[in-house]
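*Asks:* The sequence shown runs contiguously to residue 109 in UniProt numbering. Using N, Cα and C, we set each Cβ at its ideal position, and we do this for glycine too. Bear in mind the structure is a predicted one, so any value in this text is a computation, not a measurement.
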Amino acid sequence: MAPESIPLTAFVTQDGHYEFLRMPFGLTNGPAVFQRMLNMALGQLRFTKVLVYLDDVLIPAHSIQESLSVLKEVLEIFKQNGLTPRLSKCFFLSTEIEYLGHIVSNYCP
Numbered sequence: 001m002a003p004e005s006i007p008l009t010a011f012v013t014q015d016g017h018y019e020f021l022r023m024p025f026g027l028t029n030g031p032a033v034f035q036r037m038l039n040m041a042l043g044q045l046r047f048t049k050v051l052v053y054l055d056d057v058l059i060p061a062h063s064i065q066e067s068l069s070v071l072k073e074v075l076e077i078f079k080q081n082g083l084t085p086r087l088s089k090c091f092f093l094s095t096e097i098e099y100l101g102h103i104v105s106n107y108c109p
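#1: For Phe78, report the span of its alpha helix (DSSP H) as first-last.
#2: Quick one: grab the DSSP three-state call for Gly43.
#3: Less than 8 Å between C-beta atoms, sequence neighbours within five positions excluded: which residues of the same chain meet that for Asp56?
#4: Below 8 Å CB to CB, which residues in the same chain sit around Val70 once its five sequence neighbours on both sides are set aside?
#5: What's the C-alpha gap between Leu93 and Arg22?
#6: Leaving out five residues before and five after Ala41 in sequence, what residues of the same chain have Cβ atoms less than 7 Å from its Cβ?
#7: Taking C-beta to C-beta, are Val52 and Leu68 nearer than 8 Å?
#8: Distance, Cα to Cα, Ile103 vs Arg86?
#9: If I measure Cβ to Cβ from Gly30 and keep anything under 6 Å in the same chain, skipping five residues before and after, which residues do I get?
#10: Looking at Glu19 and Ala10, is the spacing between their C-beta atoms short of 8 Å?
#11: What does a CB cutoff of less than 6 Å around Glu96 pick up in its chain, not counting 5 residues either side in sequence?
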């Protein structure tokens with residue numbers, strides 16, 4: 001969230017004054033803002049080395065070395081932008097995954 005937007009999320013309770021430092025769940029524009037932020041952060045990697053849809057980042061690669069190289073780039077970009085992937089939701093070096101409701105694999109008939 002941009003620093004100048006933080007005061008716009010302020011609310012007061014009997015326990016004090018609070019402001020969100022990150023986009024809270026439930027805001028209508030949250031997914032769109034997150035998608036735009038990922039698009040901007042991953043920039044030139046999009047469509048050449050990674051595919052992004054909301055919080056799904058897919059790294060298609062022809063080899064383990066290529067996959068690890070791109071993964072290193074993506075994780076560095078995440079670190080620079082204050083993003084922390086939830087490891088329990090990550091799949092690394094998979095040959096088959098479900099992505100956007102489709103099974104994607106390295107099998108080509």
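*Replies:* Inspection of the coordinates gives the following:
#1: Counting from one through the sequence shown, the residue named residue 78 turns up at place 78. Per DSSP, Phe78 belongs to the alpha helix (DSSP H) from Ile64 to Gln80.
#2: Here the question's residue 43 lines up with position 43 in the sequence shown. In the structure shown, the three-state DSSP call for Gly43 is helix.
#3: Position 56 of the sequence shown, counted from the first residue, corresponds to residue 56. Excluding positions up to five away in sequence, the list reads Tyr99 and Leu100.
#4: For the purposes of this step, residue 70 is taken as the residue at position 70 of the sequence shown. For Val70, where only same-chain residues beyond five positions count, the Cβ hits under 8 Å are Leu45, Lys49, Val50, Ile59 and Ala61.
#5: Indexing the sequence shown from 1 puts residue 93 at position 93. Indexing the sequence shown from 1 puts residue 22 at position 22. Whole-angstrom Cα-Cα distance: 30 Å.
#6: The count along the sequence shown starts at 1 and reaches residue 41 at position 41. If you ignore the 5 residues before and after Ala41, its C-beta comes within less than 7 Å of the C-beta of Ile77 and Asn81, all in its own chain and listed in chain order.
#7: Your numbering for residue 52 matches position 52 in the sequence shown. Your numbering for residue 68 matches position 68 in the sequence shown. A distance of 8 Å or more separates the beta carbons of Val52 and Leu68.
#8: The residue given as residue 103 occupies position 103 in the sequence shown. The residue given as residue 86 occupies position 86 in the sequence shown. One C-alpha to the other measures close to 22 Å.
#9: Counting from 1 along the sequence shown, the entry for residue 30 is found at position 30. The residues are Met23.
#10: Sequence index remark: in the sequence shown, residue 10 carries index 10 (1-based). Sequence index remark: in the sequence shown, residue 19 carries index 19 (1-based). A contact, by the Cβ cut-off of 8 Å.
#11: What you label residue 96 is simply residue 96 of the sequence shown in a count that begins at 1. Ser105.
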